[in-house]
Structures are given as structure tokens and as C-alpha cells.
Amino acid sequence: MCFYLLGRWCYEVATLDWLEKKAAAALYQTPPTSTLHDALENFLKAEELSPGFSKTVRLYIAKCHKELGNISDATNWTQLALKMTTNSNDDETSKLEAELQLLTDTKI
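Residue numbers (the working numbering): 70 to 177.
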């Protein structure tokens with residue numbers, strides 16, 4: 070769970086838009102920085118420690134791969150996420166998001 074949360078933090082920081090980065094720079098002397106590679110590393114570690122535990126972890130692995138331009142890896146991880154059973158509201162949300170991502174990945 071800790072690696073998932075760290076991965077989410079890294080992902081959110083790495084994907085801040087220009088305005089959000091400027092706001093963070095105004096609030097903090099040194100704004101937080103992270104990369105999609107950092108996020109991916111943490112999500113992969115979370116998956117390694119608890120394989121198949123969360124559809125959301127697999128979806129974020131797919132998102133990182135997509136942002137990094139690894140479309141085939143993104144598609145594979147999205148399909149793995151969709152094969153999992155839905156056990157919670159978060160899983161249902163992740164399922165819908167994964168289905169949408171799969172549709173957009175195939176149109177690239």
C-alpha cells in the first residue's frame with residue numbers, strides 16, 4: 070500500500086500542468102519534483118509485493134507507460150486490470166477508466 074501511495078504522489082507531481090507548477094513554486098521555496106519513471110517504479114513495486122491486489126495499481130502502471138510512450142505495455146497492463154474482478158467502488162471506477170483508456174490506446 071505504501072508503494073502505491075508513493076506512486077500516486079509521484080504520478081500527480083510529475084503530471085502537474087504549467088499553472089499548477091507555478092502555484093507550487095509560489096507556495097514552496099523548493100516545489101516538489103518527481104518523474105513518471107519514479108511513479109512507475111513505485112507502482113511496479115506495489116504490484117510485485119501484492120500481485121493482483123488492486124485494479125487501480127495496474128491501471129496506474131498502464132497510465133505511466135502510456136505517458137512514457139510505451140503504448141503496447143500500457144495496453145497490456147490495461148488488459149490485465151480489466152481481467153481482475155471488481156471488489157470495490159474504486160475497482161469499478163478503475164474498470165471504467167481502463168475501458169476508456171483501452172479504447173483510446175487502440176485508436177493511436
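Idealized CB from N, CA, C, for every residue including glycine.
Query	Result
Inter-residue spacing [alpha-carbon to alpha-carbon] between D160 and Q98	37 Å
Residue of P100, R77, A150 and C71 minimising C-alpha distance to L88	P100
Candidates L109, E136, S103 and T144, of which the one nearest Y202 by Cα	Coverage of the chain is limited to positions 70 through 177, which leaves residue 202 absent and any answer about it impossible.
Range of the contiguous alpha helix (DSSP H) that encloses Y80	C71 to A83
Whole-Å CB distance - G121 paired with M70, under 8 Å assumed	Contact flag wrong, Cβ pair sits at about 14 Å.
Beta-carbon proximity of K164 to L151, cut-off 8 Å	yes
Three-state class that DSSP yields for F122 in the structure shown	coil
Distance between beta carbons of L105 and E136, contact taken as under 8 Å	5 Å
Per-residue DSSP class, three states only, for S163	helix
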